[in-house]
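S.K.:
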Amino acid sequence: MTPIRFTPMARRLTGALTLAVAAALPLAALAAEAVQSLKLQVNGMVCSFCAQGIEKRLQALPDAGPIFIDLRNKVVAVEPRAGRSLDAARVASEVREAGYEVVATETVAKTVAQIRTETRAARQER
Amino acid sequence: MIHCTLPAAWRRRAGIACGAALLAGVPAAFALPMASEGSWMTMADVNSGGEHDIAVNFAVTGRDALGVMATRWTEPVRHDGLHEQHHVRESVGLTYTRLVHRWNLPHAQANLWFVGAAGRARGHGWAGERSFWSPAVMADYETTRLYLGAGLEPKRGDGGLRHDTAWVRAGFSFYEVDYEQVQPWFIVESKRVRYAQTTRHELTPMLRLIHRGLFVEIGRNREGTQFNVMWAY
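In order, the protein sequences belong to chains A and B. Each residue of the first sequence is one higher than the last, beginning at 46 in my numbering. Each residue of the second sequence is one higher than the last, beginning at 12 in my numbering.
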């Protein structure tokens, strides 16, 4: 079996890449911890037409970033744009203005991507 | 001379709405008859039985929408009490849609709607155009798996114009989906249309597909195929 031989340039590149990934991982974790997303429990949000109206209003908020809508559990999750924070009362008000009832609001130290992944994982476990 | 200046985004959306309306040919039986505030909705129904509708409306508030609607229908007309002929009628009018009340429940939503329309109608056997008015009432109840709806849409006008529609719909979704996925439903509609001299009944099983703001129904009854589409944008 022929051993794989790396050229000096390939070794340097591999080393640099490893260092960069190792440095980025804790930074990404810190960034995720710093994010304060909002989770709202919304009564009446049962169809994609309803969700679309809510999504449209929230997207228009200057501080709102990624949005995740979980129709099965009637949850709307909103992440603030980088470097900004969300006004929970304003977000809840927008959902009410769209015609739905907000029964609970919760701030969580997670990104919307994490909330989406956890929601889907929990669904698969059931 | 009065100039009407609309924002560019409104002009663009109005253009899309008109384009969609023309492509569909003619408008509508509705599930939710309006979109969210600041959004357009285009609805079209095409039915082999001769009932065609197309409607476009714009939600000026979360509860009110203004729009236009065109309807074309084939009306059975009796002669000598025996022979039946079919006369084609057409109407065009303005519509006002009002969400009268919404009940937001933990796992369901129910709505009561009013849709008023008024305009002009013309057709075979009529001398010229005549005015019509239509005060319709609709109600629906929906969960992520169950749909129930009913509506009463009387259309009356000068010279004995009558085109009253009453419908009931019930159905279920095969499974729950995420917001990003297409959701299939099985719906059965029972519809009764009363004209000036006759009445027609239809029972139509339909497949409904919903994806975000797009809603499509395809069904078949004794008279042929029924196709409904709604698009909120």
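Every residue gets a Cβ at the ideal spot worked out from N, C-alpha and C, and that includes glycine. A quick note: this is a predicted structure, and the numbers were derived from the prediction, not measured.
Report all residues from its chain with a CB closer than 7 Å to the CB of L119 of chain B; omit the five preceding and five following residues, and keep chain order.
M.R.: The question names Leu, yet the displayed sequence has Ala at residue 119 of chain B. The residues are Y152, E153 and T154.
S.K.: I want to know whether the region 205-224 of chain B touches the region 72-87 of chain B - three or more CB-CB distances under 8 Å.
M.R.: Judged by Cβ distances under 8 Å, the region 205-224 of chain B makes contact with the region 72-87 of chain B, as three or more pairs qualify.
S.K.: Got a sec: which bits of the region 113-128 of chain B sit with their beta carbon under 8 Å from any beta carbon on chain A, in order along the chain?
M.R.: Residues R113, W114, N115, L116, P117, H118, A119 and Q120.
S.K.: Rounding to the nearest angstrom, what Cα-Cα distance links L35 of chain A and I112 of chain A in this structure?
M.R.: Here chain A comprises residues numbered 46 to 171, so residue 35 of chain A is not present and cannot be evaluated.
S.K.: Residues of chain A with CB under 7 Å from S142 of chain B, in chain order?
M.R.: Within 7 Å Cβ-Cβ: nothing; S142 of chain B doesn't reach chain A, min ~33 Å.
S.K.: Return the chain-ordered list of same chain residues with a C-beta closer than 6 Å to the C-beta of E48 of chain B, the five sequence neighbours on each side being excluded.
M.R.: A70, T72 and G73.
S.K.: Beta-carbon of T264 of chain B versus every beta-carbon of chain A: anything under 8 Å?
M.R.: The requested residue 264 of chain B does not occur in the structure, where chain B is confined to residues 12 to 244.
S.K.: Any idea which residues DSSP pairs G134 of chain B with across the strands?
M.R.: Per DSSP, B:R100.
S.K.: Using alpha carbons as the reference points, say which of B:Y186, B:G127 and B:G160 lies closest to R117 of chain A.
M.R.: Closest by alpha carbon: B:Y186.
S.K.: Would you please state the rounded distance, in angstroms, between the beta carbons of V103 of chain B and G61 of chain B? I believe it to be under 8 Å.
M.R.: Going by Cβ atoms, the distance from V103 of chain B to G61 of chain B rounds to 17 Å, so no, they are not a contact pair.
S.K.: Rounded to whole angstroms, how far is the Cβ of V153 of chain A from the Cβ of N88 of chain A, which I believe are closer than 8 Å?
M.R.: V153 of chain A to N88 of chain A, Cβ: 20 Å. No contact.
S.K.: So does the region 125-144 of chain B actually touch the region 96-114 of chain B, counting three or more Cβ pairs closer than 8 Å?
M.R.: Short answer: they touch.
S.K.: Would you say E187 of chain B faces chain A, with C-beta separation under 8 Å as the test?
M.R.: Yes - at least one Cβ of chain A is within 8 Å of the one on E187 of chain B.
S.K.: Compare the Cα-Cα distances from R126 of chain A to each of A:A105, A:I114, A:S138 and A:E146 and report the closest residue.
M.R.: Residue A:A105 is the option with its Cα nearest to R126 of chain A.
S.K.: Would you say G160 of chain B faces chain A, with C-beta separation under 8 Å as the test?
M.R.: Chain A contact via Cβ: absent.
S.K.: Residues in the region 117-135 of chain A with C-beta within 9 Å of chain B's C-beta atoms, listed in sequence order?
M.R.: Listed in sequence order: R117 and K119.
S.K.: What residues of chain B sit near E176 of chain A, judged by a beta carbon separation below 9 Å?
M.R.: Past the boundaries of the shown model lies residue 176 of chain A; chain A is included only from 46 to 171, so the question cannot be answered.
S.K.: Would you tell me roughly how many angstroms separate the C-alpha atoms of S59 of chain B and P216 of chain B, rounded to the nearest one?
M.R.: Spanning the two alpha carbons is a distance of roughly 14 Å.
S.K.: Buried or exposed: which applies to V79 of chain B, given that a residue is buried once 16 or more other Cβ atoms fall within 10 Å of its Cβ?
M.R.: It counts as buried.
S.K.: Are the CB atoms of A150 of chain B and L172 of chain B nearer to each other than 8 Å?
M.R.: Taking 8 Å as the Cβ cut-off, A150 of chain B and L172 of chain B do not qualify as a contacting pair.
S.K.: Taking Cβ-Cβ distances shorter than 9 Å, what residues in chain B pair up with V157 of chain A?
M.R.: Those within 9 Å of V157 of chain A in chain B number zero; the least Cβ separation is about 13 Å.
S.K.: Flag G89 of chain A as yes if its beta-carbon sits less than 8 Å from any beta-carbon of chain B, otherwise no.
M.R.: True, the Cβ-Cβ gap to chain B drops below 8 Å.
S.K.: Check whether the Cβ of Q97 of chain A lies closer than 8 Å to any Cβ atom in chain B.
M.R.: Yes, Q97 of chain A counts as interfacial toward chain B.
S.K.: Please determine, among B:G136, B:V240 and B:D169, the residue with the shortest C-alpha to C-alpha distance to H4 of chain B.
M.R.: This structure cannot speak to residue 4 of chain B, because chain B is shown only from 12 to 244.
S.K.: Can you give, in chain order, each stretch of the beta strand (DSSP E) that sits fully within the region 137-206 of chain B and has at least 3 residues?
M.R.: If we require 3 residues or more, the beta strand (DSSP E) runs fully inside the region 137-206 of chain B come out as 141-153, 157-164, 174-184 and 194-206.
S.K.: So, do the region 85-100 of chain A and the region 135-147 of chain A have three or more beta carbon pairs nearer to each other than 8 Å?
M.R.: Enough Cβ pairs lie closer than 8 Å, so yes.
S.K.: Take the Cβ of R171 of chain A as the centre, count every other Cβ of all protein chains shown within 10 Å, and call the residue buried at 16 or more, exposed below.
M.R.: Exposed: under 16 other Cβ atoms inside 10 Å.
S.K.: Short of 8 Å Cβ to Cβ, which residues in the region 190-204 of chain B face chain A?
M.R.: So the close ones are Y190 and Q194.
S.K.: Exposed or buried, Q18 of chain A, counting other C-beta atoms within 10 Å across all chains shown (16 or more means buried)?
M.R.: Look at the range of chain A in this structure, 46 to 171, and you will see that residue 18 of chain A is not part of it.
S.K.: Who pairs with A55 of chain B in a beta bridge, going by DSSP?
M.R.: Note: A55 of chain B sits in a beta bridge opposite B:I65 and B:V240.
S.K.: Given that G224 of chain B touches chain A, what residues does it touch there, using C-beta distances under 8 Å?
M.R.: Simply S93, F94 and Q97.
S.K.: Just the Cα atoms here: how many angstroms apart are G230 of chain B and G139 of chain B?
M.R.: The straight-line gap from Cα to Cα measures roughly 35 Å.
S.K.: Between A76 of chain B and chain A, is there a C-beta pair that is closer than 8 Å?
M.R.: No - not a single Cβ of chain A is within 8 Å of the one on A76 of chain B.
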